[in-house]
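Peer 1: Here the protein sequences line up with chains A and B, keeping their order. In short: position in the first sequence from 1, add 13, done, that's my numbering. In short: position in the second sequence from 1, add 177, done, that's my numbering.
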Amino acid sequence: AAAAAAPESASAGPSGGAGDAPKKAPCVVVIGMAGSGKTSLVQRLNAHLHQQEEPVYVVNLDPAVINLPYDANIDVRDTVNYKEVMKQYKLGPNGGIVTSLNLFATRFDQVLALLEKRAPENRCILIDTPGQIEVFTWSASGAIITETLGATLPTVVVFVIDTPRCTAPVTFMSNMLYACSILYKTRLPFILAFNKTDVVSHDFAVQWMTDEDAYQDALEAETSYSAGLARSMSLVLEEFYANLRCVGVSAYTGDGMDEFFSAVDEAVGEYYSEYLPVIERLRAEKAEKEKEQKAASLHKLQEDIRSGGRVVIDGASSAAAASARATRVSFFDGEDEDDEGSDYEEYE
Amino acid sequence: HNQPSTMRYAQLVMGPAGSGKSTYSRIIQAHCEASSRTAHVINLDPAAEEFEYPVSWDVREVISVEDVGETLNLGPNGGLIYCMEFLLSNLEVLDEVIGDFGDDYLIFDCPGMIELYTHVPVMKTFVNYLQQRDYRVCAVYLLDSQFVDEPSKFFSGVLSATAAMLHLSVPHINVLSKMDLVKRNPAVRRALENYLDPNTTYLLQELNEQTTEKQHRLNEALASLIDDYSLVSFVPLDQTDEESIEIVLQHVDRCLQYGEDEEVKDHDVRCFCALNSEWFLAQLTLRETATVGRAG
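Below you can see the structure in the form of structure tokens.
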């Protein structure tokens with residue numbers, strides 16, 4: 014735990030229990046497939062906290078969203094114009110979104126600094142992610158964002174599920190496998206939020222998750238899949254369910270908000286007791302190795318920029334360079350609060 | 178229906194945005210051509226912009242995200258789903274296209290969005306359509322090897338590939354793309370070797386190091402799934418290495434039961450999404466807004 018205290022933040026030292034450390038708002042990263050209702054859920058969570066007169070901080074990471082139904086404190090669209098990125102680099106909508114988020118990730122050190130500053134005075138930091146899930150889960154920038162958040166603030170991943178659309182057993186399994194995939198990708202405390210319970214109650218899902226036979230019966234009635242494979246996958250999922258927190262919510266009616274926030278609180282407890290020690294141990298182990306690699310990538314990036322050259326955005330070197338940028342803040346942290354870089358404005 | 182002489186072959190190339198679908202389509206097409214197998218690449222992604230390969234047919238001749246975005250005021254996601262559903266309700270358009278290709282080998286460059294495989298049964302309907310026309314179909318799922326640099330991310334990749342393939346019920350191959358970009362890093366290369374021919378004992382040990390104790394049982398269950406079913410193994414693809422391309426194609430051929438020996442031709446293609454960074458990085462400014470109702 015001594016090594017864990019590392020160079021991080023001066024304002025917090027949550028090794029062990031969170032009791033004596035200054036309270037930090039949890040970062041709730043909302044991930045889900047297109048149409049699952051991420052943005053509406055963020056809107057509802059935001060409204061709910063406002064109603065309770067609890068301060069909340071909202072970050073939008075979707076560069077392509079047209080209408081945002083809530084006021085974001087930080088909005089990727091203020092930093093990167095996705096249409097302009099598409100035009101400038103002759104990219105399609107997908108490439109445009111991926112590139113916009115990559116560009117934004119190069120400024121994530123500043124976002125992180127702001128979030129750290131705002132964390133003590135808020136109940137919760139909500140983070141809305143791009144509509145198309147893979148833009149976040151399988152991109153360099155998504156990995157950088159979740160990793161640096163998880164290393165800095167108590168971070169919880171919420172996977173939003175479109176409940177009415179996964180009442181078929183195979184779709185349900187797909188969703189659960191994908192959720193499990195995100196658990197492995199992010200390695201952070203995890204909450205399944207079954208959204209749209211105003212349309213279909215999530216009772217069937219709870220039943221399938223707790224009663225293996227009920228699920229197998231449903232599956233066999235619907236599909237010709239080899240029973241062996243389905244069973245093996247079920248065994249995997251059974252273990253997944255065993256430690257899973259799941260809540261039914263309705264972004265539309267506001268149902269399930271209290272359950273949602275108590276799940277967040279539980280997950281935060283788990284973050285401190287189980288995830289943070291692992292994160293800190295891995296970071297200590299990697300610190301030496303990475304320092305050399307980052308210095309090299311950063312040097313290369315600087316050289317590229319100086320020579321007016323082209324930077325590979327869709328690749329490992331950009332990921333390493335951006336991650337170097339994102340973590341660099343921690344090396345200088347605690348020196349001067351006001352010196353947060355010159356190229357962003359803050360409106361109070 | 179079952180006569181081998183009328184059997185035709187198609188690959189569906191899938192994977193997240195940026196996983197290298199377009200590049201894959203191009204090098205496989207070129208490789209096929211070099212070994213006198215007539216292959217066509219068909220773009221099924223209504224959001225595609227530019228192609229590295231000669232496009233034999235493009236879905237955007239019928240409908241594109243750009244069109245619907247402007248007229249229906251849909252965002253990129255809604256637009257994509259709308260386009261695919263539109264295509265599927267007008268499949269007779271494809272009859273003619275596919276008819277023109279005769280018995281040639283088809284490579285479909287598919288949209289990456291996972292929702293098209295799970296929530297809307299678009300890709301499943303498309304597979305059924307091909308099968309009704311005597312196509313043997315193989316799904317090729319690409320993952321960028323740069324994002325699979327540690328065991329937990331490999332497991333994540335296995336799960337996301339499985340989630341995507343679950344609905345299609347066709348032979349399935351996982352390909353680790355862009356190996357040429359990681360092969361110079363010996364540590365990454367060594368790690369990747371453990372995934373290609375999964376050494377689950379090693380993976381499990383590494384994974385348990387990286388995860389909380391509560392998750393160890395899940396790790397074990399997943400490791401035994403990988404042990405029991407070869408469907409979750411990966412074939413590496415280094416596009417600068419003809420032998421590597423050949424091996425990938427052989428795997429697909431085996432899945433499709435396509436029985437021909439191919440010749441090898443040198444072909445070096447590299448593709449990056451390149452940025453002239455200086456101008457753009459200068460444009461990036463961050464803004465924080467105080468929202469109504471915040472204390473203080």
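Positions of the beta carbon are idealized from the N, C-alpha and C atoms, including for glycine. Small disclaimer: the values here were computed from a predicted structure and weren't measured.
Since Val479 (chain B) contacts Val352 (chain B) with CB under 8 angstroms, what's their CB separation in whole angstroms?
Peer 2: Here chain B covers residues 178 to 473 and nothing more, so residue 479 (chain B) does not appear.
Peer 1: Between Thr377 (chain B) and chain A, is there a C-beta pair that is closer than 9 angstroms?
Peer 2: Taking Cβ atoms only, chain A never reaches closer than 9 angstroms to Thr377 (chain B), which makes this a no.
Peer 1: Using a beta-carbon distance below 9 angstroms, is Arg57 (chain A) in contact with chain B?
Peer 2: Answer no: the Cβ-Cβ gap between Arg57 (chain A) and chain B never drops below 9 angstroms.
Peer 1: Could you check what DSSP says for Asp226 (chain A) in three-state terms: helix, strand or coil?
Peer 2: Correct three-state label for Asp226 (chain A): helix.
Peer 1: Going by Cα to Cα distance, which pick from B:Leu384, B:Pro223, B:Val317, B:Tyr306 is closest to Ser329 (chain B)?
Peer 2: Ranking the options by Cα distance to Ser329 (chain B), first place goes to B:Leu384.
Peer 1: Against chain B, does Tyr197 (chain A) count as a neighbour if the rule is that its beta carbon must be under 9 angstroms from one of theirs?
Peer 2: Closer than 9 angstroms to some Cβ of chain B, the Cβ of Tyr197 (chain A) qualifies, so yes.
Peer 1: Given that Thr184 (chain A) touches chain B, what residues does it touch there, using C-beta distances under 8 angstroms?
Peer 2: Per Cβ cutoff of 8 angstroms: Thr295, His296, His344.
Peer 1: Is the Cβ-Cβ distance between Met191 (chain B) and Tyr294 (chain B) less than 9 angstroms?
Peer 2: Cβ distance < 9 angstroms, so Met191 (chain B) and Tyr294 (chain B) count as in contact.
Peer 1: Please state whether the Cβ-Cβ distance between Val173 (chain A) and Ser286 (chain A) is less than 9 angstroms.
Peer 2: No, the Cβ-Cβ distance between Val173 (chain A) and Ser286 (chain A) is not below 9 angstroms.
Peer 1: Would you report the Cα separation of Asp211 (chain A) and Tyr265 (chain A), rounded to the nearest angstrom?
Peer 2: The alpha-carbon atoms of Asp211 (chain A) and Tyr265 (chain A) are separated by roughly 7 angstroms.
Peer 1: Could you name the residues of the region 266-299 of chain B whose beta carbon sits closer than 7 angstroms to any beta carbon of chain A, in the order they occur along the chain?
Peer 2: Taking 7 angstroms as the Cβ-Cβ cut-off against chain A, the residues of the region 266-299 of chain B that qualify are Gly289, Met290, Ile291, Glu292, Thr295, His296.
Peer 1: From this set, B:Gln188, B:Val218, B:Lys198, B:Tyr186, which residue's C-alpha is nearest Leu320 (chain B)'s C-alpha?
Peer 2: For the residues B:Gln188, B:Val218, B:Lys198, B:Tyr186, the minimum Cα distance to Leu320 (chain B) belongs to B:Lys198.
Peer 1: Determine which residues of the region 234-267 of chain B have a Cβ less than 7 angstroms from any Cβ of chain A, and write them out in chain order.
Peer 2: Flagged, chain order: Val242, Gly252, Pro253, Asn254.
Peer 1: CA-CA distance, His217 (chain B) and Cys287 (chain B)?
Peer 2: Each residue's Cα considered, the two are about 14 angstroms apart.
Peer 1: Give a yes or no on whether the C-beta atoms belonging to Ala77 (chain A) and Ile146 (chain A) are separated by under 9 angstroms.
Peer 2: Against a cut-off of 9 angstroms, the Cβ pair of Ile146 (chain A) and Ala77 (chain A) comes out as no contact.
Peer 1: Let me make sure I understand the geometry here. Which of A:Lys103, A:Glu66, A:Asn94, A:Gln65 has the alpha-carbon closest to that of Phe228 (chain B)?
Peer 2: Of the listed residues, the one whose Cα sits closest to Phe228 (chain B) is A:Lys103.
Peer 1: What residues in the region 398-414 of chain B have a beta carbon less than 9 angstroms from any beta carbon of chain A?
Peer 2: The residues in question are Ala398, Leu399, Ser401, Leu402, Asp405, Tyr406, Leu408.
Peer 1: Under a Cβ-count criterion, where at least 16 other Cβ atoms within 10 Å of its own Cβ denotes burial, should Gly45 (chain A) be classed as buried or exposed?
Peer 2: Buried: at least 16 other Cβ atoms inside 10 Å.
Peer 1: Using a 10 Å radius around the Cβ and a threshold of 16 neighbouring Cβ atoms, would you call Tyr191 (chain A) buried or exposed?
Peer 2: Buried, by the Cβ-count rule.
Peer 1: Can you tell me which of B:Leu373, B:Leu336, B:Val236, B:Met356 puts its alpha carbon nearest to the alpha carbon of Ala224 (chain B)?
Peer 2: For Ala224 (chain B), the nearest C-alpha among the options comes from B:Val236.
Peer 1: Which residue marks the beginning of the beta strand (DSSP E) containing Gln188 (chain B), and which one marks its end?
Peer 2: 185-191 is the span of the beta strand (DSSP E), which, as asked, contains Gln188 (chain B).
Peer 1: Quick one: is His312 (chain A) near chain B, going by C-beta distance under 9 angstroms?
Peer 2: With 9 angstroms as the cut-off, His312 (chain A) does not count as an interface residue toward chain B.
Peer 1: Within 8 angstroms, do at least three Cβ pairs link the region 306-315 of chain B to the region 164-179 of chain A?
Peer 2: No, the region 164-179 of chain A is not in contact with the region 306-315 of chain B.
Peer 1: Would you say Val335 (chain B) reaches chain A, if we count a Cβ-Cβ gap shorter than 9 angstroms as a contact?
Peer 2: With 9 angstroms as the cut-off, Val335 (chain B) counts as an interface residue toward chain A.
Peer 1: Return helix, strand or coil for Val218 (chain B), following the three-state DSSP convention.
Peer 2: Of the three classes helix, strand and coil, the one that applies to Val218 (chain B) here is strand, per DSSP.
Peer 1: Do you know how far the Cα of Leu248 (chain A) is from the Cα of Val391 (chain B)?
Peer 2: It is Lys, not Val, that sits at residue 391 (chain B) in the sequence shown. Near 16 angstroms, if we compare the C-alpha coordinates of Leu248 (chain A) and Lys391 (chain B).
Peer 1: Step through the CB atoms of chain B and report whether any lies within less than 9 angstroms of the CB of Thr180 (chain A).
Peer 2: Chain B contact via Cβ: absent.
Peer 1: So who's on the other strand from Ile422 (chain B), going by DSSP bridges?
Peer 2: Its beta-bridge partners do not exist; DSSP assigns none.
Peer 1: Please list the partners that Tyr288 (chain A) has in chain B, where partner means a Cβ-to-Cβ separation under 7 angstroms.
Peer 2: Those within 7 angstroms of Tyr288 (chain A) in chain B are Thr389.
Peer 1: Grab me the residues of Cys259 (chain A)'s own chain with a C-beta within less than 6 angstroms of its C-beta, minus the 5 sequence neighbours each way, in chain order.
Peer 2: The answer, listed in chain order, is Leu205.
Peer 1: Grab me the residues of Ala333 (chain A)'s own chain with a C-beta within less than 7 angstroms of its C-beta, minus the 5 sequence neighbours each way, in chain order.
Peer 2: Because the pLDDT at Ala333 (chain A) is just 49, under 50, the model does not fix this residue reliably, and the point stays unresolved.
Peer 1: Examine chain D for any beta-carbon lying closer than 9 angstroms to the beta-carbon of Glu160 (chain A), and answer yes or no.
Peer 2: The structure shown has no chain D; the protein chains it does contain are A and B.
Peer 1: Is there a Cβ of chain A sitting closer than 9 angstroms to that of Phe303 (chain B), yes or no?
Peer 2: It does not; no Cβ of chain A falls within 9 angstroms.
Peer 1: Show which residues of chain B have a CB atom less than 8 angstroms away from the CB atom of Asn256 (chain A).
Peer 2: Within chain B, the residues near Asn256 (chain A) are Lys391, Gln392, Leu395.
Peer 1: At the level of alpha carbons, what is the spacing between Gly246 (chain B) and Asp230 (chain A)?
Peer 2: Whole-angstrom Cα-Cα distance: 42 angstroms.
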